[in-house]
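Each remark here refers to the structure printed beneath this line.
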Amino acid sequence: MTYDAVCLGPVPQGDGWGAIYRSYARMAGLMPPVRRLARSYFMPSALERWRDGAVFQYLGVHLFGRVIPTGGISIRRVTGARMAPYTLSGVSLESARQFFFRTCAFESAHFPFFIFLLVLAVMRYAQGQVDLAAENTLVNLAVNIYPIMHHRRTRYRIVRLLERKQRAIKDTETPSQLAKADRDSL
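This is the structure in structure tokens:
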């Protein structure tokens with residue numbers, strides 16, 4: 002599955018995040034190197050695909066995903082909230098594309114803060130303020146690094162789901178078998 006297979010077609014607009022998607026599309030459309038950079042960054046890497054996403058398991062990202070305040074499974078069960086922006090809304094290609102774009106947008110929102118806190122921690126460490134550098138690193142880990150890894154894991158799962166759907170279509174499985182496989186994978 003390529004990035005284009007997920008991202009071809011109009012940019013999703015009906016889910017409330019359309020302005021962010023359109024700004025990404027305009028920026029990437031104007032500059033082919035930016036488009037290539039975005040493709041290489043947002044698609045799951047070989048490391049993320051290794052052993053069916055084992056790197057995320059080893060780092061505990063799946064556990065973080067259960068308690069993440071903005072949509073973890075455990076949080077949803079306690080609050081009864083649906084938290085639609087953080088949920089795959091259906092089994093269609095369009096809903097998978099929208100969710101893929103949302104994870105890109107959410108990760109992009111965390112990235113500048115990750116860089117800021119990283120630079121701040123390095124500066125504080127260089128100034129001998131090791132305690133503050135450690136504090137910045139821990140905050141960065143909880144507020145930026147793990148959420149970024151969570152979004153990357155989610156995108157990997159979306160791409161894997163779409164790849165399985167493509168293979169199933171080639172193997173001519175019935176629509177009910179496809180829907181069951183989709184539900185089981187999420």
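Numbering (the numbering used here), first residue to last: 2 to 187.
The beta-carbon is built from N, C-alpha and C at its ideal position, and this holds for glycine as well.
Beyond the five residues adjoining it in sequence on each side, residue 60 comes within less than 7 Å, by CB distance, of 150 in the same chain, given in chain order.
Sequence-distant partners of residue 114 (beyond 5 residues in either direction) whose C-beta falls short of 6 Å from its own C-beta, in its chain, are 145. Residue 170: member of the alpha helix (DSSP H) spanning 147-171, first to last residue. Taking the Cα of residue 53 as reference, the smallest distance to any Cα among 172, 171, 164, 170 is reached at 164. At a Cβ-Cβ threshold of 8 Å, residue 40 and residue 157 do not count as neighbours. For residue 128, the secondary structure class from DSSP, reduced to helix, strand or coil, is coil. Burial state of residue 162 is buried, judged by a 10 Å Cβ sphere holding 16 or more other Cβ atoms. In this structure residue 147 is in contact with residue 62, their Cβ atoms being roughly 7 Å apart against a cut-off of 8 Å. Nearest in C-alpha terms to residue 42, of all of 67, 167, 109, 170, is 109. Residue state for residue 113 is assigned as helix, using DSSP reduced to three classes.
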